[in-house]
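Reading through the structure tokens given below for one structure.
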Amino acid sequence: MLTLDNVTKVFRKNDKNFVAVEDLSFNINKGEIFGLIGTNGAGKTTTMRMIATTLKPTYGQINVCGFDSVKDDANVRKCIGVLYGGDTGLYDRLTARENIEYFGRLNGLNDDAINKQIEYLSEVFGLKGYLDRRCGSFSRGMKQKTSFARAIIHNPQVMLFDEPTAGLDILASEEVIDFIKQCKKLGKTILLSSHNMQEVEELCDRALIIDHGKTLCSGTLENILQQTNTNSIKEAFIKIIKKD
Amino acid sequence: MKNKFFNQFSIVLKKELKDAFRDKKSIFATFILPLILFPIFFVIIGMSSNSITDKAINPKLTIVTTGTESSLSVNSQEYKYFEENIFSISDDLKVNYVECENFKDALINGDIYLALIIEENFLNNINDVTKSVNIQVIYDDRSTSGNTTASVIVEVLNAYSDALLQDRVEELDPDISMTPVVGSSLSLSQAFDDIQRYGTDSTILLLIIPMLLTMLISIGGASIATDLVAGEKERNTFEPLLSTGASRFSILSAKYAVIIIFSFLSAIAEVLSILISMLVTKDMFATSAFSSLYLPFSGVILVVLNLLMLAALFSGLLLILTSTSNTLKEAQSKSTVIMFLPMIIAFATMYTDVTDISLWSMCLPIYNVVISIKLLLAGVMNYAYLWGALAINVIYAILSVFVTVKTFSKESLITK
């Protein structure tokens, strides 16, 4: 469903080359949750951006739902839903409903489909009482949930989540985690980038540890624990990063 | 494919307009400010002007004799002569006579607007037909009241001199004409009612409208432009937007259109503002300036197209600036620089005579648009210039669009 084949991304800044991602390869099957783990600046966001087609790989190929990310970028964007990390971005002067509708329309949904999806997602994320309020007045948690709903309004086959529970309280985080699990059951392909190792352990089938653009370790979570002779992903991650 | 583009374009356009019209800051800068600026400006100017006129017809002055510094008494023969014979020439003039010990200090301190310096034997000389009497009007050239009052008093003195001369000549021979040559100037429209001309006779409109329309069409959308990309980047909404099914070109085109729409709305608000000013301050404008405005349709279309091309050029420039900025503040700083360009060029054309324009000037952006509007308003239908300017402006607009599309497709758009 999602394949990265020897992907490298080089940025040129001040006449110097900077390799953000080097020779990265992995694939994610339908119905699988894949964790992308790394410290800040490891290359996770650049990888997400390349899959989301906002950046082009310098070398290598990315294939999403059978479409090439460079040659067929419009079709790739149609079958992905992206939730970017950091401070969640919403249009403050628009209501939650208008924010979600906007992305639904841009992803080609008609009014009926949008209304059904909003109904469903507002139920899942507890947004019902907030749909017609302007987002400028929302708490960080409510903004994150609205962003989540907006990112997947078009029911994409592939979902890219960058720190999906950042800024959420325990209850809201649980709602998001349960939703991700539900998506997996529905056969969605999910790439999850997270600093929260507990979350990775709970959700991911396989994971890849990346540092300074290079792949340090990848495989099922059991494989990673065996390779590093550790009892948790957190320990394994620290051991691998320090060793590097 | 075309349908898909227009569909995405209209979705982004609708959202951007909805978002923009909910932004009180942008609405104030784009519509409210241009709308209220001129009425307030002209009311204040009108109030100052009335105050100056009031001071000019009620001048505070004193009279001193040559070589002295203190005023003549209000009871002196000389003052009485002025009051009864000279100041009474004008029905409106009401002199406030001020006695002071040092007229120079009084002028500097603003206690008086002017001092009249007369000769010691003024009364004898003024009644002597063989002599010429010299009266000096001293005023403070840093004072607006002094400047205005001095010219009013000099006019009164000249009128009294003419009247005195007329009396003396009539005594000699009543048939002698006192005005053997009378010069007067009349504009074409004042002289002949039956002449049908395009444009307007209002000098103020000819000066203000071309300048303001061009400036606002160029930079009227600046406030909204900074928010459209840099603002989205700052709020982290830009990258999610680029990751949707919409193409970058449709997103860019919609943002382009929003800036052009806001530029035109801003310019329309300014024209309305001038119209309101004309109604509010009737004395300052020829009230018939708009009612007598008669413009040829083809000329109007050419000017509107020129304005549209200028809007396209500047919308592109503003989009390039906002796209290469990561924060609103950075975008605002960059657009401030670009805002000076149309202002300087538009002001430079303020006194350009439209009947004598070099054709090469049609190559200069902004300048050629100001001149095009001036030509239309003045009724000088120089179609070669209007078409030439349009062709040049189309080229500039295409270049601007090309560079904007290039900038918008760069990866640096999202990487800081």
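In order, the protein sequences belong to chains A and B. First residue of the first sequence? That's 4 in this note's numbering, and the numbers climb one at a time after it. First residue of the second sequence? That's 118 in this note's numbering, and the numbers climb one at a time after it. Beta carbons: idealized from backbone N, C-alpha and C, even for Gly. All figures in this text were calculated on a predicted structure; none of them were measured in a lab.
Residue-chain proximity (residue i, chain B), Cβ-Cβ < 9 angstroms
i	result
A:Phe164	no
A:Arg153	yes
A:Lys83	The sequence given here has Ile at residue 83 of chain A, not Lys. A:Ile83 counts as touching chain B.
A:Glu35	no
A:Ala77	yes
A:Phe14	yes
A:Ser235	no
A:His157	yes
A:Glu25	no
A:Ser142	no
A:Ser150	yes
A:Glu202	no
A:Glu225	no
A:Glu101	yes
Own chain residues within Cβ distance below 6 angstroms of residue i, not counting five before or after
i	result
B:Lys177	Asn213, Val215, Ile229 and Tyr230
A:Asp208	Glu35 and Ile36
A:Leu5	Ile31, Val67, Val161 and Thr192
A:Val22	Val13 and Gly216
A:Gly190	Lys33 and Gly34
B:Ser394	Phe155, Pro156 and Phe159
A:Thr168	Ser176 and Val179
B:Gln283	Met295
B:Leu436	Thr521
DSSP beta-bridge partners of residue i
i	result
A:Leu86	A:Phe164
A:Ala2	This structure cannot settle anything about residue 2 of chain A, because the visible part of chain A is limited to 4 through 247.
B:Ile235	B:Thr182
A:Asp71	A:Asn66
A:Lys19	A:Lys16
A:Phe29	A:Leu7
B:Tyr500	Answer is none; B:Tyr500 lacks a bridge partner.
B:Tyr513	B:Tyr513 is not bridged to any residue.
A:Thr98	A:Arg137
B:Tyr214	B:Leu178
A:Lys217	A:Asp214
A:Val24	A:Lys12
Contacts around residue i, its chain only, beta-carbon distance under 7 angstroms, and the 5 residues preceding and following it disregarded
i	result
B:Arg285	Val246
B:Ser262	Ile169, Lys172 and Tyr230
B:Gly227	Ser260
A:Lys146	Thr91, Leu93 and Cys138
Proximity test, Cβ basis, 9 angstroms: residue i and chain A
i	result
B:Lys135	yes
B:Leu322	no
B:Pro413	no
B:Arg259	no
B:Ser360	yes
B:Arg139	yes
B:Glu356	yes
B:Ser364	yes
B:Glu447	no
B:Gln307	no
B:Glu349	yes
B:Glu528	yes
Closer than 8 angstroms at the beta carbon, the chain A residues around residue i
i	result
B:Asn353	Tyr87, Gly89, Asp90, Thr91 and Gly92
B:Ile531	Arg52, Thr57 and Leu58
Under 7 angstroms by beta carbon: chain B residues contacting residue i
i	result
A:Glu66	Reading the sequence as shown, one finds Asn at residue 66 of chain A and not Glu. The contacting residues do not exist; A:Asn66 stays about 17 angstroms from chain B at best.
A:Arg80	Ser360, Thr361 and Gly362
A:Phe21	Within chain B, no residue comes near A:Phe21; the closest Cβ sits about 11 angstroms away, beyond 7 angstroms.
Partners in chain B for residue i, counting only beta-carbon separations shorter than 8 angstroms
i	result
A:Tyr105	Ile128 and Lys132
A:Phe70	The contacting residues do not exist; A:Phe70 stays about 12 angstroms from chain B at best.
Same chain, Cβ closer than 8 angstroms to residue i, five either side skipped, listed in chain order
i	result
B:Lys211	Ile174 and Asn175
A:Asp71	Gln64, Ile65 and Val79
B:Val271	Val254
B:Ile391	Phe155, Leu322, Ile325, Ile326 and Leu329
Per-residue contacts from residue i into chain B (C-beta, under 9 angstroms)
i	result
A:Asn110	Thr361, Gly362 and Ala363
A:Arg97	With the sequence shown as reference, residue 97 of chain A is identified as Leu, and Arg is not the correct amino acid for it. Near A:Leu97 (Cβ distances below 9 angstroms), the residues of chain B are Lys132, Lys135, Asp136 and Arg139.
Which whole runs of the alpha helix (DSSP H) in the region 250-314 of chain B are 4 residues long or more, in chain order?
261-289 and 305-308
Output the residue ranges of the alpha helix (DSSP H) runs that lie fully inside the region 119-180 of chain B and measure 4 residues or longer, sorted by chain position.
119-138, 141-144 and 150-174
Those runs of the alpha helix (DSSP H) which lie wholly inside the region 139-204 of chain A and span at least 4 residues
With a minimum length of 4 residues, the continuous alpha helix (DSSP H) runs that stay inside the region 139-204 of chain A are 143-154 and 173-188.
Along the chain, which unbroken stretches of the alpha helix (DSSP H) at least 4 residues long are found entirely within the region 326-414 of chain B?
Counting only runs of 4 or more, we get 339-343, 355-359 and 365-397.
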